[in-house]
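Below is one structure, written out as structure tokens; the observations come after it.
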Amino acid sequence: MIQKAEKSITLFLEGVLVSYSQVFFSKQKVFALILMAVTFFDWLTGFSGLVAVLVANVAASLIGYHKHHISQGLYGFNSLLVGLGIGSNYEPGLEFFFVLVFASLFTVMLTVWIEAFFAKYGLPYLSWPFLIGLWIITLASRQFSSLHMSERGIFYLNDLYSYGGLLLVKLYQWVGDIPMHISVLAYFKSLAAIFFQENALAGLLIAVGIVFYSRIAFLLSLVGFFSGYLYYLIVGANLSELIYSYIGFNYILTAIALGGFFIVPSRSSFLWVILLTPIISFVITSTSAFFGLMGLSIYSLGFNLIVILFLYVLKFRIKNYYHPELVVVQQFSPERNLYSQQNYKVRFDVSAWTMFSLPVIGEWTVTQGHDGKHTHRDDWRHAWDFELQDEDKKTWDNDGLQLKDYYCYGKPVAAPADGLVQEVLDGVPDNLPGQMNLGSNWGNTIVIKHADKVYSKLCHLKPGSIKTIKGAFVKKGEIIAQVGNSGRSPIPHLHFQMQADPFIGSKTLDYPLASYLLTTEDGPELITYARPKEGQMVSNIVKDQNMVRAFNFVPGQTISFEMTLNTLAKRVVTWEVKSDMYNYTYLECLESESKAYFYNTGSLFYFTHFEGDKTSLLYYFYLATYKIVLGYHHRLRVSDTFPLNAFRNRFRLFWHDFAAPFYFFMSAVYTLDYVSLDDNLNSSTITLKSRASLRTLNRENLSYLFDLQISDGRISRMSVNTKDTLVVSGEIAS
17 MIQKAEKSIT LFLEGVLVSY SQVFFSKQKV FALILMAVTF FDWLTGFSGL
67 VAVLVANVAA SLIGYHKHHI SQGLYGFNSL LVGLGIGSNY EPGLEFFFVL
117 VFASLFTVML TVWIEAFFAK YGLPYLSWPF LIGLWIITLA SRQFSSLHMS
167 ERGIFYLNDL YSYGGLLLVK LYQWVGDIPM HISVLAYFKS LAAIFFQENA
217 LAGLLIAVGI VFYSRIAFLL SLVGFFSGYL YYLIVGANLS ELIYSYIGFN
267 YILTAIALGG FFIVPSRSSF LWVILLTPII SFVITSTSAF FGLMGLSIYS
317 LGFNLIVILF LYVLKFRIKN YYHPELVVVQ QFSPERNLYS QQNYKVRFDV
367 SAWTMFSLPV IGEWTVTQGH DGKHTHRDDW RHAWDFELQD EDKKTWDNDG
417 LQLKDYYCYG KPVAAPADGL VQEVLDGVPD NLPGQMNLGS NWGNTIVIKH
467 ADKVYSKLCH LKPGSIKTIK GAFVKKGEII AQVGNSGRSP IPHLHFQMQA
517 DPFIGSKTLD YPLASYLLTT EDGPELITYA RPKEGQMVSN IVKDQNMVRA
567 FNFVPGQTIS FEMTLNTLAK RVVTWEVKSD MYNYTYLECL ESESKAYFYN
617 TGSLFYFTHF EGDKTSLLYY FYLATYKIVL GYHHRLRVSD TFPLNAFRNR
667 FRLFWHDFAA PFYFFMSAVY TLDYVSLDDN LNSSTITLKS RASLRTLNRE
717 NLSYLFDLQI SDGRISRMSV NTKDTLVVSG EIAS
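So in the working numbering, the last one in the sequence shown is 750, and the numbering has no gaps at all.
Have a look at this one:
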């Protein structure tokens, strides 16, 4: 009970703090502390903002909103801005605090309403609650005779001295004495104005905080503001609007939002930031004139309008989805958005939702691939022909004049994925070798529906061998027919293709196989989301029950390791398998609360994401078993890539972040080798070796070497070495 109360308090305090960094779309706590400190450059402004956040989060808790949303500052940051606005505009007093409290409560209500409105369109609500809330309070306060406008700032140095001493005054004067162009001064003051501050020192500290939080966000803030400044110079606009009214922060926030938060950072996103600059200016200039008639500031209206407008426009694209590319899973950091989404595209085919396997058993040769030499042309070019070959690359025995001479004839054909049988054609006789039936082009055929607009077709099947019927549901790997020589087929082979329509004869669809093994001179190699090429020898993964059981993590299961760190005393570390509200499964370390999200296809186990302590055993396990084939194939090599932020190397990554939207000069590589299988009557032990390395321009900077043992259906041992020095080893605790 006490632990639950402590956790609730911790989450609440996190929500208060993160409300500050959420203004910049961040959950970074150090950045939040910097921003909080900046708000107190004017003590009443800072105090009002803090009170507003506390009131908002308490109200959200009492009403019964989700603790997770509260802890992320989602109900607090708009109230924070309203509180800062009230604190900077009015003199303190009883009436002041009365208005502040209820204005904060009102903003929470506005937040919920506006969030629900924009959610219908899949759009963020940004700072609309702040805008509407502060406008309403400003208009209403003109009728409050007890509420007086603030005259603070007239003797600003005295104010600074009163709560910061001589040191703060000298720091303020030092920043003011730095020789800088008026545009640079305007940039710092525009940053400060986001938190209702009017001095360059506050802006300088915010800029430092942004660099700490995100190098890409800092670059975007510069590109956004100075694009606006340059545009004002080109068109002869009123520079005082940008420099002295401090509404230049609209350019900064818009650039960060569209350049790296809602859109993946890239050359394209930076270009759009520049292209949207004139449109932001149109909105700022026109709305300033309109709202000025009512004596209201537009605050962040330009930012809110342009971000919502552009995101809404992008939703109606029918092509060019990656120029620019919307963020799919929000990581609350431009760098993480970039690294994780880029890594996902490299590891997986984002358009391939159905996971197809080879429709054969054993090792087969692709005798004709996509854009083949003979029949795979034009609208039917995305297809494969499979045959069995011997060591001399021959596909038949004896003289090859009879069907039974061909190695593949009569061999089983398997369903490539789960699906509903859409069409079945049987009864077409097999041809003698060298002959073809041009009247029935496809021969005996099965068409299976796997998803909307995704069908597979298997052709030239042996007559009478089809084991399924139209309307039946088949499972992946289920034997459904045999290879034959019916239709337009001079020799026995299996024709396999994907198509978007359910008919025999439909045009082919370019769709990858999810995973298969490619035979090479050095041994088998795992290939994922690719299209086998002509002449390649390929096979499906043959599962090993020892491996399958070892990585069959089921929610509710606990795993305990007896860990030794640098040969020190042993201790037990326990993980628990859990699933979240989206049904994503993950391992959680009960000691460090770190989480490693994973996926198991039945033949492949792989991690998708890690968050938490990068010194924990779970982190090393994530690196060591990043992708595992759940079978034993001697000399098999598995290769993959990590997101760059998966490694603990902040110094190198810090500089890479600046270049990342334009060019990657670093890479994070994973390799896994299947070393040996010791099998006896009672048990078997599989030995694996993996390597995780960080490289700069193909030069290795950091590497972890792992040794793994799988015994009796469990991960019995793991050891980790870096730079040939033992870091940690662990064994399953009894």
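From the three backbone atoms N, C-alpha and C, an ideal C-beta is built for every residue, glycine too.
In angstroms, rounded to a whole number, what distance separates the CA positions of residue i and residue j?
| i | j | result |
| --- | --- | --- |
| Arg753 | Gln44 | Past the edges of the chain, shown from 17 to 750, lies residue 753, and the structure says nothing about it. |
| Arg333 | Ser367 | 16 Å |
| Val685 | Ser655 | 8 Å |
| Phe286 | Leu274 | 8 Å |
| Pro281 | Gly89 | 24 Å |
| Ser632 | Phe621 | 21 Å |
| Phe171 | Phe160 | Interpretation of Phe171 is limited by its pLDDT of 47, a score under 50 that renders its predicted location unreliable; the figure taken from the coordinates is listed afterwards. Their backbone Cα atoms lie some 26 Å apart in a straight line. |
| Lys486 | His466 | 14 Å |
| Arg707 | Ile731 | 17 Å |
| Leu533 | Gly551 | 14 Å |
| Gly388 | Arg397 | 7 Å |
| Thr601 | Ala497 | 36 Å |
| Ser42 | His197 | 29 Å |
| Glu131 | Gly101 | 21 Å |
| Ile495 | Met553 | 21 Å |
| Ile482 | Ala431 | 12 Å |
| Trp151 | Pro145 | 10 Å |
| Thr484 | Tyr91 | 56 Å |
| Gly15 | Glu403 | In this structure the chain extends from 17 to 750, so residue 15 is not present and cannot be described. |
Taking the CB atoms as reference points, tell me whether residue i and residue j lie closer together than 9 Å.
| i | j | result |
| --- | --- | --- |
| Leu126 | Ile153 | no |
| Ile232 | Ile222 | no |
| Gly138 | Gly99 | no |
| Gly31 | Asn73 | yes |
| Leu116 | Ala76 | no |
| Gly426 | Pro548 | no |
| Asn562 | Tyr642 | no |
| Gly219 | Ser206 | yes |
| Ser37 | Tyr229 | yes |
| Ser456 | Val444 | yes |
| Phe47 | Gly103 | no |
| Ile279 | Leu342 | yes |
For residue i, is the classification buried or exposed, using 16 other Cβ atoms within 10 angstroms of its Cβ as the cut-off for buried?
| i | result |
| --- | --- |
| Trp671 | exposed |
| Thr123 | buried |
| Ile79 | exposed |
| Lys136 | exposed |
| Thr293 | buried |
| Ile25 | exposed |
| Gln725 | buried |
Need the endpoints of the beta strand (DSSP E) that residue i sits in, please.
| i | result |
| --- | --- |
| Lys361 | That residue, Lys361, is in no beta strand (DSSP E); its alpha helix (DSSP H) goes Pro350 to Arg363. |
| Val117 | Note, Val117: premise wrong, no beta strand (DSSP E); alpha helix (DSSP H) at Leu110 to Ala135. |
| Arg711 | Ser700 to Thr712 |
| Gln438 | Gly435 to Leu441 |
| Tyr532 | Leu529 to Thr536 |
| Ser472 | Val470 to Leu477 |
| Ala430 | Pro428 to Ala430 |
| Arg653 | Arg653 to Thr657 |
| Asp406 | Segment: none, Asp406 is in no beta strand (DSSP E) and carries neither H nor E. |
Whose C-alpha, out of the options, is nearest the C-alpha of residue i?
| i | options | result |
| --- | --- | --- |
| His85 | Phe28, Cys475 and Leu96 | Phe28 |
| His509 | Thr657, Thr383 and Val344 | Thr383 |
| Ala271 | Phe319, Gly308 and Leu249 | Phe319 |
| Ser555 | Ala530, Val570 and Thr574 | Ala530 |
| Ile300 | Tyr328, Tyr267, Ile279 and Phe63 | Tyr267 |
| Ala202 | Lys83, Lys409, Phe663 and Phe265 | Phe265 |
| Met514 | Ser373, Leu652, Ile557 and Tyr423 | Ser373 |
| Ile290 | Phe307, Ser237, Leu327 and Gly252 | Ser237 |
| Phe569 | Leu342, Gly618 and Asp538 | Gly618 |
| Ala662 | Ile263, Gln438, Met682 and Gly539 | Met682 |
| Ile644 | Arg587, Glu604, Pro140 and Val564 | Val564 |
Looking at the secondary structure, which residues open and close the alpha helix (DSSP H) in which residue i lies?
| i | result |
| --- | --- |
| Ile268 | Phe265 to Ile272 |
| Leu96 | Phe93 to Asn105 |
| Leu238 | Arg231 to Val251 |
| Lys45 | Lys45 to Thr55 |
| Phe286 | Arg283 to Leu291 |
| Lys83 | Lys83 to Ser87 |
| Tyr635 | Leu633 to Ala640 |
| Met514 | Taken as a continuous stretch (DSSP letters only), Met514 belongs to no alpha helix (DSSP H), being part of the beta strand (DSSP E) at Leu510 to Gln515. |
Give a yes or no on whether the minimum CB-CB distance between residue i and chain B is below 9 Å.
| i | result |
| --- | --- |
| Ile222 | Protein chains in the displayed structure number just one, and chain B is not present. |
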